[in-house]
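Asks:
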Amino acid sequence: MQPRAFDPPVRTSCHANPEGLSSLLDMLDRYCAQNQVDSHAQHDLHLIVEEACFNIISYAYPEGAPGRLSLQVGARYSAGKPLIEITIEDAGIPFNPLALHVTARTTPVEEIAPGGLGVLLIRSLSDQQHYEHDPQRGNVLTIGKFISAPHQH
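Start counting at 1 in the sequence shown, then tack on 4, and there's your number in this note's numbering.
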């Protein structure tokens, strides 16, 4: 049996502020619903996007400077398993969140760098993470999470 096709990726941009984050989360939730993503995985994806974007809103742009934030959500099969792939882009200060060396068991919470707990959460809730700084796109964080196979119709 052929695996079910997913909807094409969706993408939107907004101001890097809490109101903009709300619109990104709404788009994520719509995509998950349309593609039959199970509620547990959707909850994890929501937390991942919320945490990653909140760190961008808080730290990527100088105080008071306007900034943009983009989110793309898509789905594909990787190694035969369905994967939701999220790409978050901003043009803020170059920063690789995956370079933070944070482990919950060895680092006291008060010694974790700003954003470090969020990075730990993102790592624990996702299956793939990749960061690059692109001259045109800025900071590009791609996060993948395997999900349960959608129902066949």
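Heads up, the beta-carbon is just placed ideally off N, CA and C, and yes, glycines get one too.
Helix, strand or coil: which one does DSSP assign to residue 79?
Replies: strand
Asks: Given a cut-off of 8 Å on the beta-carbon distance, is the pair residue 41 and residue 147 in contact?
Replies: no
Asks: For a quick check, are the C-beta atoms of residue 95 and residue 71 less than 8 Å apart?
Replies: Contact flag set, yes.
Asks: To the nearest angstrom, report how far apart residue 36 and residue 13 are at their CA atoms.
Replies: 11 Å
Asks: Per DSSP, what kind of secondary structure is residue 43 in: helix, strand or coil?
Replies: helix
Asks: Please report the distance separating the alpha-carbon of residue 46 from that of residue 33.
Replies: 7 Å
Asks: Residue 18 bridges to which residues according to DSSP?
Replies: 73
Asks: Cutting at 6 Å between CB atoms, please list the residues of its own chain near residue 101, excluding the five before and the five after it.
Replies: 123
Asks: According to the neighbour-count rule (16 or more other Cβ atoms, all chains shown, within 10 Å of its Cβ), is residue 83 buried or exposed?
Replies: exposed
Asks: Look at the Cβ atom of residue 53, then the Cβ atom of residue 73, and state whether they are nearer than 8 Å.
Replies: no
Asks: Step through the CB atoms of chain D and report whether any lies within less than 8 Å of the CB of residue 150.
Replies: The structure shown contains no chain D, having only a single protein chain.
Asks: If you draw a straight line from the C-alpha of residue 85 to the C-alpha of residue 51, how long is it?
Replies: 22 Å
Asks: Looking at the structure shown, is residue 133 part of a helix, part of a strand, or coil, going by DSSP?
Replies: strand
Asks: Mind checking residue 130: buried by the 16 CB within 10 Å criterion, or exposed?
Replies: With 16 or more other Cβ atoms within 10 Å, it is buried.
Asks: Let me know if residue 20 comes out buried or exposed under the rule of 16 or more other beta-carbons within 10 Å of its beta-carbon.
Replies: buried
Asks: Taking the alpha-carbon of residue 63 as reference, which of 11, 97 and 143 has the nearest alpha-carbon?
Replies: 97
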